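To start, the structure under review is shown below, and the notes come after it.
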Amino acid sequence: MRTVNALAALPLATATPGWRDLVGLLPELIAAGGFLALMLLDLVVPPARRTWLAVFSGAVLVGALAVSVWGWYDAGSAGRSVFFGAFAYDRLAEFANCVILVTTLLTVVISPGYLNRRRLHHGEYYSLLMAATVGMMLLAGATSLMVIFLAIELLSISLYILSGFSRQEERSQEAAVKYLLLGSFASAFLLFGMALVYGETGHTQLAQIAEAMSRSLPVDPLLVGGIILMFVGLAFKVSAAPFHAWTPDVYQGAPTSVTTFMSVATKVAAFIVIIRLFDDAFASYYSRWSAVVIAVAILSMVVGNLAALTQNSIKRMLAYSGIAQAGYILIGVAVGVGIPLGVQGALYYLAAYAFTNLGAFAVVTVMSGQGEDLDSYDHLRGLWRRRPYVAAALAFFLLSLAGFPFTAGFFGKFLVFAAAIQAHNVALALWGIGTSAVSVFYYLRVTLIMFQRPKEDAPAYEWPRTGLAGSAVLLVTAAGTLVLGVFVVLVLTVATMAQAGTLPGT
Amino acid sequence: MLSQAMFPWLLLTAAFLFTLGALGVLIRRNPLVVFMCIELMLNAVNLALVGYSSYLNSEEGQVFAFMVIVVAAAEVVVGLGLLTRVFSIGRELDVDDLDEMKQ
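Here the protein sequences line up with chains V and H, keeping their order.
Residue numbers for the first sequence follow my numbering, beginning at 208 and rising by one.
Residue numbers for the second sequence follow my numbering, beginning at 26 and rising by one.
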């Protein structure tokens, strides 16, 4: 039975993209232009003046950020589809763009000082960072399987190179190889899932896939398999258990400024596409995939929090904490179909996590010494006496990650647990609450270590000066964590508006 | 043109090749062979995409397969670069040796 698919063939044959399509892609185009310009500028800027490249990247990012904010209003509450359904110009995409661009901007501000200390200040750093940012922004707006795949690969390949950026250091090279091998392995699963979803629905665009899925009754087992395989590939990108094996090694081995960036921005972009796919396009198959997502969420919370207890490197501890946080956000995704609070909670959590985790890693970045990263707990001893403001900032970020009241992390957890209870899945909320209680131990342990005196026989660590850029980043992230915790209603309104106009819209 | 009766066999072949590649990634210890197994998985996906494309008579699958080929090539370039870098430090070609950070 061969049917000519008139619906899919029609728009391609008759239309060409116009200005309205390009406007929808403006922030991404600005960042992509910045990426190309940075590659050329690297050739003419003298090595001693590489900070100019950081200034230029910063200017491009601020420009893209301004356009994204304008796009939030221009796209309006309904949003629209551009490039024939391949890309969404809606508030969810612009919300994600803003979070990703702020993350990149703060990373760029903190990078020159760190890279100079580590003697890693090469020009490619900024162009690769920009390429990864473009990939993430494209991923946040993608509504076609092909665009999702290309965006994921653009950000992944840039990050593979960035994790191996410290070319003389074995740890960094090892991290890059692990990330590359496991990342491509996960991409293959994602792709096979995409092939099945495409084959069983006959479309690569999410709006048409959603329509075909709601018509495909009885349930198509190959389609269910495709959805699950796609989830496996994406769960790898957000480092959810049991697909988290790469996370601690890559986070520890990569240069800290790179870890800062990828631990936050990748997670935001990948979660936006998970929300778009599972809570919207695949919503009619909810009963078939929800059990898998819930199982992965619970496993991430348990594995992440328990493994974090026994770490003695702050980078590894934050990696396991990131796995646990992915589990909490997945709660929002798992109950997000039919319960808007689930998606809103997940979006709020992502914004809160972005500021808090960025701040925590920024502290590790500004404390890194000459030649190597000082990430062992022993290096934190006595930090309170020598660098009280930095220690206070780290303590604040850790409290927020643990979910103490009146920090951003508390309301993030509160919202996703409330959504789970609203979905009559009290057990899921209880798993979350129980594992958060465990997490308090290891966050407080680090805080206490900062108050301890250094051991008598331990060598004295000379922490570098925080510097203007480092102080600014810590101040902004701390302020962000505080503002998100205090003005919850405001941020939740933004998250609600972002959630309401999601494309493809079923 | 693909006959309709052949199509399930094509899909099974793709699934078989994909599983073979996945097993290879999990079992083999040489990173170059692991990388080749990943390529095998990607090509299994290409087979499925092109098969579906022919079965459904839609071009999207073929375009998708071209994109996969291009991205796989880019991944190989970065991958081989990284692998030569790591193993020129003088390590043996064995993924089990990559345990610098184990505690």
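Note that the Cβ used here is the ideal one computed from N, Cα and C, for glycine as well.
Just so it is clear, the structure is predicted and the values come from calculations on it, not from any experiment.
Looking at chain V, is there any beta carbon in it that lies within less than 8 Å of the beta carbon of residue 33 of chain H? For the purposes of this step, residue 33 of chain H is taken as residue 8 along the second sequence, with counting starting at 1. By this cut-off, residue 33 of chain H is not an interface position.
Residue 693 of chain V to residue 609 of chain V span [Cα, whole Å]: In the first sequence, residue 693 of chain V corresponds to position 486, counting from 1. In the first sequence, residue 609 of chain V corresponds to position 402, counting from 1. Each residue's alpha carbon lies about 16 Å from the other.
For residue 48 of chain H, count the other beta carbons within 10 Å of its own beta carbon; 16 or more makes it buried, fewer makes it exposed. Which is it? In the second sequence, residue 48 of chain H corresponds to position 23, counting from 1. The residue is exposed, with fewer than 16 neighbouring Cβ atoms inside 10 Å.
Chain-ordered neighbours of residue 405 of chain V on chain A, where CB pairs are closer than 8 Å: Included in the structure are the protein chains V and H, with no chain A among them.
For residue 104 of chain H, would you say it is in contact with chain V, using Cβ-to-Cβ distances shorter than 8 Å as the test? Stepping through the second sequence from its first residue, residue 104 of chain H is reached at position 79. Taking Cβ atoms only, chain V reaches closer than 8 Å to residue 104 of chain H, which makes this a yes.
Using the C-alpha atoms, what's the distance from residue 702 of chain V back to residue 554 of chain V? Against the first sequence, residue 554 of chain V aligns to sequence position 347. Against the first sequence, residue 702 of chain V aligns to sequence position 495. Distance between the alpha carbons of residue 554 of chain V and residue 702 of chain V: 6 Å.
Interface flag, residue 696 of chain V vs chain H, CB-CB below 8 Å: For the purposes of this step, residue 696 of chain V is identified with residue 489 of the first sequence, where counting begins at 1. Not one chain H Cβ lies under 8 Å of residue 696 of chain V.
Taking 8 Å as the cut-off, decide whether the C-beta atoms of residue 252 of chain V and residue 330 of chain V are in contact. For the purposes of this step, residue 252 of chain V is taken as residue 45 along the first sequence, with counting starting at 1. For the purposes of this step, residue 330 of chain V is taken as residue 123 along the first sequence, with counting starting at 1. For residue 252 of chain V and residue 330 of chain V, yes; Cβs fall inside 8 Å.
Option in H:60, H:71, H:56 with minimal Cα separation from residue 401 of chain V: Reading the first sequence from its first residue, position 194 is the one you call residue 401 of chain V. It is H:71 whose Cα lies nearest to the Cα of residue 401 of chain V.
Take residue 622 of chain V and list the residues in its own chain whose beta-carbon comes closer than 6 Å to its own, dropping the five residues that flank it on each side. As a working mapping, residue 622 of chain V is identified with position 415 in the first sequence. Excluding sequence neighbours, residue 622 of chain V sits near 552, 555.
Please classify residue 481 of chain V as buried or exposed, where buried requires at least 16 neighbouring CB atoms within 10 angstroms. Numbered from its first residue, the first sequence carries residue 481 of chain V at position 274. Looking at its Cβ environment, which holds 16 or more other Cβ atoms inside 10 Å, residue 481 of chain V is buried.
Quick test of your reading: residue 108 of chain H and residue 57 of chain H, contact by CB under 8 Å. State the CB separation rounded to the nearest angstrom. Stepping through the second sequence from its first residue, residue 108 of chain H is reached at position 83. Stepping through the second sequence from its first residue, residue 57 of chain H is reached at position 32. Going by Cβ atoms, the distance from residue 108 of chain H to residue 57 of chain H rounds to 7 Å, so yes, they are a contact pair.
DSSP state of residue 295 of chain V mapped onto helix, strand, coil: For this step, residue 295 of chain V is matched to residue 88 along the first sequence. Strand at residue 295 of chain V.
Hey, residue 264 of chain V and residue 337 of chain V: beta-carbon distance below 8 Å or not? One-based indexing of the first sequence puts residue 264 of chain V at position 57. One-based indexing of the first sequence puts residue 337 of chain V at position 130. Going by C-beta atoms, residue 264 of chain V is nearer than 8 Å to residue 337 of chain V.
Would you verify that the beta carbon of residue 110 of chain H is, or is not, closer than 8 Å to some beta carbon of chain V? Your numbering for residue 110 of chain H matches position 85 in the second sequence. Yes - at least one Cβ of chain V is within 8 Å of the one on residue 110 of chain H.
Bridge-paired residues (DSSP) for residue 287 of chain V: Along the first sequence, one-based indexing puts residue 287 of chain V at 80. Looking at the DSSP assignment, residue 287 of chain V forms a beta bridge with V:296.
At a Cβ threshold of 8 Å, is residue 326 of chain V touching chain H? For this step, residue 326 of chain V is matched to residue 119 along the first sequence. Judged by the 8 Å Cβ criterion, residue 326 of chain V is not in contact with chain H.
Under 8 Å between the Cβ atoms of residue 457 of chain V and residue 569 of chain V? Along the first sequence, read from residue 1 onward, the residue named residue 457 of chain V stands at position 250. Along the first sequence, read from residue 1 onward, the residue named residue 569 of chain V stands at position 362. Contact flag unset, no.
From the DSSP secondary-structure annotation, give me the bridge partner or partners of residue 746 of chain V. Outside the modelled stretch of chain V, which goes from 208 to 713, sits residue 746 of chain V, for which no answer is possible.
Three-way DSSP call (helix, strand, coil) for residue 214 of chain V in this model: One-based indexing of the first sequence puts residue 214 of chain V at position 7. Residue confidence is low: residue 214 of chain V scores 44 on pLDDT, short of 50, so the model does not pin down where it sits. Its coordinate-derived value is still stated next. The answer is helix: DSSP assigns residue 214 of chain V an H, G or I state.
At least three beta-carbon pairs within less than 8 Å, the region 492 to 502 of chain V to the region 529 to 544 of chain V: yes
Assigned exposure category for residue 562 of chain V - 16 Cβ within 10 Å defines buried: Taking the first sequence and counting its residues from 1, one reaches residue 562 of chain V at position 355. Classification of residue 562 of chain V: buried, given that the 10 Å Cβ count is 16 or more.
If the cut is a Cβ gap below 7 Å, which residues of chain V does residue 66 of chain H touch? Along the second sequence, one-based indexing puts residue 66 of chain H at 41. What residue 66 of chain H touches in chain V: 395.
Exposed unless 16 or more other CB atoms sit within 10 angstroms - verdict on residue 455 of chain V: Position 248 of the first sequence, counting from 1, holds the residue named residue 455 of chain V. Burial call: buried.
Hey, how far is the Cα of residue 245 of chain V from the Cα of residue 649 of chain V? In the first sequence, the residue the question calls residue 245 of chain V occupies position 38. In the first sequence, the residue the question calls residue 649 of chain V occupies position 442. Near 41 Å, if we compare the C-alpha coordinates of residue 649 of chain V and residue 245 of chain V.
Can the beta-carbon of residue 89 of chain H be found closer than 8 Å to that of residue 353 of chain V? Sequence index remark: in the second sequence, residue 89 of chain H carries index 64 (1-based). Sequence index remark: in the first sequence, residue 353 of chain V carries index 146 (1-based). The answer is yes: Cβ separation under 8 Å.
Under the three-state reduction of DSSP, which class applies to residue 79 of chain H: helix, strand or coil? Against the second sequence, residue 79 of chain H aligns to sequence position 54. DSSP places residue 79 of chain H in helix when its eight states are reduced to three.
In the DSSP assignment, the alpha helix (DSSP H) including residue 644 of chain V goes from what residue to what residue? If you number the first sequence from 1, residue 644 of chain V lands on position 437. 633 to 658 is the span of the alpha helix (DSSP H), which, as asked, contains residue 644 of chain V.
Taking Cβ-Cβ distances shorter than 9 Å, what residues in chain V pair up with residue 60 of chain H? Counting from 1 along the second sequence, the entry for residue 60 of chain H is found at position 35. Here the neighbours are 387, 388, 391.
Could you tell me which chain H residues have their CB closer than 7 Å to the CB of residue 384 of chain V, listed as they occur along the chain? Your numbering for residue 384 of chain V matches position 177 in the first sequence. Per Cβ cutoff of 7 Å: 56, 107, 108, 111, 123.
Give the single residue among V:508, V:360, V:515 whose Cα lies nearest to the Cα of residue 441 of chain V. In the first sequence, the residue the question calls residue 441 of chain V occupies position 234. Answer by Cα proximity: V:360.
Nearest neighbour of residue 700 of chain V, chosen from V:558, V:377, V:429, V:236 [CA to CA]: Counted from its first residue, the first sequence places residue 700 of chain V at position 493. Measuring from the Cα of residue 700 of chain V, the nearest candidate turns out to be V:558.
Based on DSSP bridge pairs, tell me the residues matched to residue 464 of chain V. Start at 1 with the first residue of the first sequence, and residue 464 of chain V comes out as number 257. Answer is none; residue 464 of chain V lacks a bridge partner.
Limits of the unbroken alpha helix (DSSP H) element including residue 512 of chain V: To locate residue 512 of chain V, count along the first sequence from 1; it is residue 305. Note, residue 512 of chain V: alpha helix (DSSP H), 493 to 516.
Nearest residue (CA-CA) to residue 272 of chain V, options V:241, V:283, V:250, V:258: Here residue 272 of chain V refers to the residue found at position 65 of the first sequence. Of the candidates V:241, V:283, V:250, V:258, the one whose C-alpha sits nearest the C-alpha of residue 272 of chain V is V:241.
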